[in-house]
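Position one of the sequence shown corresponds to residue 9 (my numbering), numbered consecutively onward. Glycine included, C-beta positions come from ideal geometry on N, C-alpha and C.
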Amino acid sequence: SVLAEEEIEIRKNPLKRTTDLLKKVFGS
């Protein structure tokens, strides 16, 4: 599933996930 693939990406690169979250939150 897409969610599972996303989870794998998050585990491989948590920093990128955090950056993506911050971009969503702050809209930058």
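Measure the alpha-carbon distance for residue i versus residue j and round it to whole angstroms.
| i | j | result |
| --- | --- | --- |
| K32 | N21 | 17 angstroms |
| R25 | F34 | 14 angstroms |
| E17 | L29 | 14 angstroms |
| S9 | R19 | 16 angstroms |
| E14 | L23 | 14 angstroms |
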